[in-house]
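Undergrad: Using my numbering, the letters of the sequence shown correspond one by one to residues 2 to 334.
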Amino acid sequence: MENPIMVEATRGNHQESRHRGVAVIVDSLGHVVRSWGNIYDPVFGRSSLKFIQALPLIESGAADAFNLSPQEIALACASHRGEEIHIKALEIWLQKIGKDERILDCGIPQHFSSPFYSKSSVLHNACSGKHLGFLTTALYRKESLEGYSSREHPVQQRVERALTDLTDIDHLHAPYGIDGCGIPSFTLPLYNIALSMARFADPSHLHYPRQKAIHRILGALEAHPEMIAGAQGFDTKVIKLTHGQVLCKMGAAGVEAGIIPSLSLGIALKIEDGNAKAAELAFLAILKSLGLLDADLYEMLGAHVPILTHKGKTVGFMQPTNFTTVPLETGWH
Numbered sequence: 002m003e004n005p006i007m008v009e010a011t012r013g014n015h016q017e018s019r020h021r022g023v024a025v026i027v028d029s030l031g032h033v034v035r036s037w038g039n040i041y042d043p044v045f046g047r048s049s050l051k052f053i054q055a056l057p058l059i060e061s062g063a064a065d066a067f068n069l070s071p072q073e074i075a076l077a078c079a080s081h082r083g084e085e086i087h088i089k090a091l092e093i094w095l096q097k098i099g100k101d102e103r104i105l106d107c108g109i110p111q112h113f114s115s116p117f118y119s120k121s122s123v124l125h126n127a128c129s130g131k132h133l134g135f136l137t138t139a140l141y142r143k144e145s146l147e148g149y150s151s152r153e154h155p156v157q158q159r160v161e162r163a164l165t166d167l168t169d170i171d172h173l174h175a176p177y178g179i180d181g182c183g184i185p186s187f188t189l190p191l192y193n194i195a196l197s198m199a200r201f202a203d204p205s206h207l208h209y210p211r212q213k214a215i216h217r218i219l220g221a222l223e224a225h226p227e228m229i230a231g232a233q234g235f236d237t238k239v240i241k242l243t244h245g246q247v248l249c250k251m252g253a254a255g256v257e258a259g260i261i262p263s264l265s266l267g268i269a270l271k272i273e274d275g276n277a278k279a280a281e282l283a284f285l286a287i288l289k290s291l292g293l294l295d296a297d298l299y300e301m302l303g304a305h306v307p308i309l310t311h312k313g314k315t316v317g318f319m320q321p322t323n324f325t326t327v328p329l330e331t332g333w334h
């Protein structure tokens, strides 16, 4: 089955490009509510799985031991933009654990620009909060900080166990590569990513310590969306403008995962060609189809992206197709 065209770009009255994708909505019991495309094909979840990767920070007791704030919990889940608010929060966190930025193994971003800083440091890496969460857990458990990014380190083994628990995929045998920040990145069916998000949306079937950890993460995301992606980041705007009704996380190469607590649903989406803007637009279309966005909010979140000339004249649009309304026999089920 060919995956549906979810987003298209037009110039004048003519189609210029189109983006196929896969998406699925799952409830916390694992039932597929709606799906589009080949939802059992494996994909790299990338940063869309950061909410899960942050669980050991809380469940180990490290977050309490170092008195981490909700802002810092949110940063552990973030793909931040290196804005002043992010860097200052990371510096305070480092002070709490008595370390400096040299212990971070995520690398310095090569193409970084900021109005606040003349040069970048490892703290400007979008994944620095996640890495600081890993290190905080290792410090609390008195583990070596050397090699904490490697799959063999106890930090990553705890993350793998959490991923296995939430996705129902045994990560011990799952194919994997190395993410941009240096940690293992696993492939798993999109269905299982959505299942993990649904279990965040309704953790009532999970053991009590995990329920508490999930609620703490969700509370931090809702209270501090600016930490997740920065002032103009897509995930930040969705969380803020829906007042926490939708909690979402972008992953590199066109992945988006979403949590809908009020409906006990999880969403996962992947654009075939990895186009990040197309992933945002397709995700908005799915939210609208669920009744979570009215027409005004749909437009406010940028559902129709103008294509401009160099002089600023609108000559086309990038926008979702009608894939969410395609009849059963040719699209979703």
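Idealized CB from N, CA, C, for every residue including glycine.
Need the endpoints of the alpha helix (DSSP H) that Leu-196 sits in, please.
TA: Start at 1 with the first residue of the sequence shown, and residue 196 comes out as number 195. Segment 191-202, the alpha helix (DSSP H) holding Leu-196.
Undergrad: Can you tell me the Cα-Cα spacing of His-206 and Asp-42, whole angstroms?
TA: Position 205 of the sequence shown, counted from the start, is the residue given in the question as residue 206. Position 41 of the sequence shown, counted from the start, is the residue given in the question as residue 42. Cα to Cα, the separation comes out at about 26 angstroms.
Undergrad: So, is Thr-138 buried or exposed, given that buried needs 16 or more other C-beta atoms within 10 angstroms?
TA: Here residue 138 is taken as the residue at index 137 of the sequence shown, counted from 1. The residue in question, Thr-138, is buried, as its Cβ has 16 or more Cβ neighbours within 10 Å.
Undergrad: Taking 8 angstroms as the threshold (C-beta atoms), are Ser-197 and Gly-267 in contact?
TA: The residue you call residue 267 lines up with position 266 of the sequence shown. The residue you call residue 197 lines up with position 196 of the sequence shown. Yes, they are a contact pair.
Undergrad: Helix, strand or coil for Tyr-41? Go by DSSP, reduced to three states.
TA: On the sequence shown, position 40 is the one that residue 41 refers to. It is coil, neither helix nor strand.
Undergrad: Taking 8 angstroms as the cut-off, decide whether the C-beta atoms of Thr-11 and Phe-284 are in contact.
TA: By 1-based counting over the sequence shown, the position of residue 11 is 10. By 1-based counting over the sequence shown, the position of residue 284 is 283. Result no, Cβ atoms of Thr-11 and Phe-284 do not sit closer than 8 angstroms.
Undergrad: Would you report the Cα separation of Ile-184 and Ile-74, rounded to the nearest angstrom?
TA: As a first step, residue 184 is located in the sequence shown; it is residue number 183 there, counting from the start. As a first step, residue 74 is located in the sequence shown; it is residue number 73 there, counting from the start. Cα to Cα, Ile-184 sits roughly 19 angstroms from Ile-74.
Undergrad: Does DSSP put His-244 in a helix, in a strand, or in coil?
TA: Your numbering for residue 244 matches position 243 in the sequence shown. Correct three-state label for His-244: coil.
Undergrad: Given 8 angstroms as the limit, is there contact between the stretch 87-102 and the stretch 156-174, that is, 3 or more CB pairs closer than that?
TA: At 8 angstroms Cβ cutoff, the stretches do not touch.
Undergrad: Can you tell which of Pro-210, Leu-248 and His-208 has the C-alpha that lies nearest to the C-alpha of His-225?
TA: Along the sequence shown, read from residue 1 onward, the residue named residue 225 stands at position 224. Per the Cα distances, Leu-248.
Undergrad: Rounding to the nearest angstrom, what Cα-Cα distance links His-292 and Arg-152 in this structure?
TA: By one-based count along the sequence shown, residue 292 stands at place 291. By one-based count along the sequence shown, residue 152 stands at place 151. What sits at residue 292 in the sequence shown is Gly, not His. Whole-angstrom Cα-Cα distance: 41 angstroms.
Undergrad: Does DSSP classify Gln-158 as helix, strand or coil?
TA: Indexing the sequence shown from 1 puts residue 158 at position 157. Helix.
Undergrad: Taking C-alpha atoms, which residue in Ile-26, Val-27 and Val-8 lies nearest to Ser-18?
TA: Your numbering for residue 18 matches position 17 in the sequence shown. Closest option to Ser-18, Cα to Cα, is Val-8.
Undergrad: Using DSSP's beta-bridge definition, name the partner residues of Ala-10.
TA: The residue you call residue 10 lines up with position 9 of the sequence shown. Ala-10 is bridged to Ser-18 and Met-319.
Undergrad: With a threshold of 16 other CB atoms inside 10 Å of the CB of Gln-233, please say whether the residue is buried or exposed.
TA: By one-based count along the sequence shown, residue 233 stands at place 232. Using a 10 angstroms sphere on the CB of Gln-233, the tally of other CB atoms stays under 16, which defines it as exposed.
Undergrad: Using a Cβ-Cβ distance cut-off of 8 angstroms, determine whether Ile-74 contacts chain C.
TA: The chain labelled as chain C is not found in the depicted structure, where only one protein chain is given.
Undergrad: Tell me which same chain residues have a C-beta within less than 7 angstroms of the C-beta of Lys-271, skipping the five on either side of it?
TA: Reading the sequence shown from its first residue, position 270 is the one you call residue 271. Around Lys-271: Gly-22, Val-23, Val-44, Leu-191, Gly-255 and Val-256.
Undergrad: What does the alpha-carbon distance come out to for the pair Gly-13 and Val-316?
TA: Taking the sequence shown and counting its residues from 1, one reaches residue 13 at position 12. Taking the sequence shown and counting its residues from 1, one reaches residue 316 at position 315. So the alpha carbons of these two residues sit roughly 6 angstroms apart.
Undergrad: Between the Cα of Lys-241 and those of Glu-223, Lys-213, Gly-181 and Leu-76, spot the shortest distance and give me the residue it belongs to.
TA: Counted from its first residue, the sequence shown places residue 241 at position 240. Checking every option, the nearest Cα to that of Lys-241 belongs to Glu-223.
Undergrad: Expressed to the nearest angstrom, what Euclidean distance is found between the alpha-carbon atoms of Ser-36 and Cys-128?
TA: The sequence position of residue 36 within the sequence shown is 35, counting from 1. The sequence position of residue 128 within the sequence shown is 127, counting from 1. Between Ser-36 and Cys-128, the C-alpha separation is close to 30 angstroms.
Undergrad: Is the beta carbon of His-15 less than 8 angstroms from the beta carbon of Ile-6?
TA: Within the sequence shown, numbered from 1, the residue matching residue 15 stands at position 14. Within the sequence shown, numbered from 1, the residue matching residue 6 stands at position 5. Cβ atoms of His-15 and Ile-6: not closer than 8 angstroms.
Undergrad: Once you ignore the five residues that flank Phe-61 on each side, which residues in its own chain have a CB closer than 8 angstroms to its CB?
TA: Mapped onto the sequence shown, residue 61 falls at position 60. Just to set this straight, residue 61 is Ser in the shown sequence, not Phe. Within the same chain, Ser-61 has close Cβ partners Thr-138, Tyr-141, Arg-142 and Arg-159.
Undergrad: Quick check on DSSP: helix, strand or coil for Tyr-209?
TA: Position 208 of the sequence shown holds residue 209. Here Tyr-209 sits in helix by DSSP.
Undergrad: Grab the span of the alpha helix (DSSP H) containing Pro-71 for me, first residue to last.
TA: One-based indexing of the sequence shown puts residue 71 at position 70. Element bounds for Pro-71: 71-77.
Undergrad: Please classify Arg-103 as buried or exposed, where buried requires at least 16 other C-beta atoms within 10 Å of its C-beta.
TA: Here residue 103 is taken as the residue at index 102 of the sequence shown, counted from 1. Classification for Arg-103: exposed.
Undergrad: Under 6 angstroms Cβ to Cβ from Ala-66, same chain only, skipping five residues before and after it: list those, please.
TA: Here residue 66 is taken as the residue at index 65 of the sequence shown, counted from 1. Hits under 6 angstroms: Tyr-141.
Undergrad: In the DSSP assignment, find the beta strand (DSSP E) that holds Glu-257 and state where it starts and stops.
TA: Start at 1 with the first residue of the sequence shown, and residue 257 comes out as number 256. Glu-257 -> beta strand (DSSP E) spans 256-261.
Undergrad: Just the Cα atoms here: how many angstroms apart are Thr-168 and Tyr-209?
TA: Along the sequence shown, read from residue 1 onward, the residue named residue 168 stands at position 167. Along the sequence shown, read from residue 1 onward, the residue named residue 209 stands at position 208. Spanning the alpha carbons of Thr-168 and Tyr-209 requires a straight line of approximately 18 angstroms.
Undergrad: State the start and end residues of the unbroken alpha helix (DSSP H) segment that holds Ile-287.
TA: If you number the sequence shown from 1, residue 287 lands on position 286. Ile-287 -> alpha helix (DSSP H) spans 277-290.
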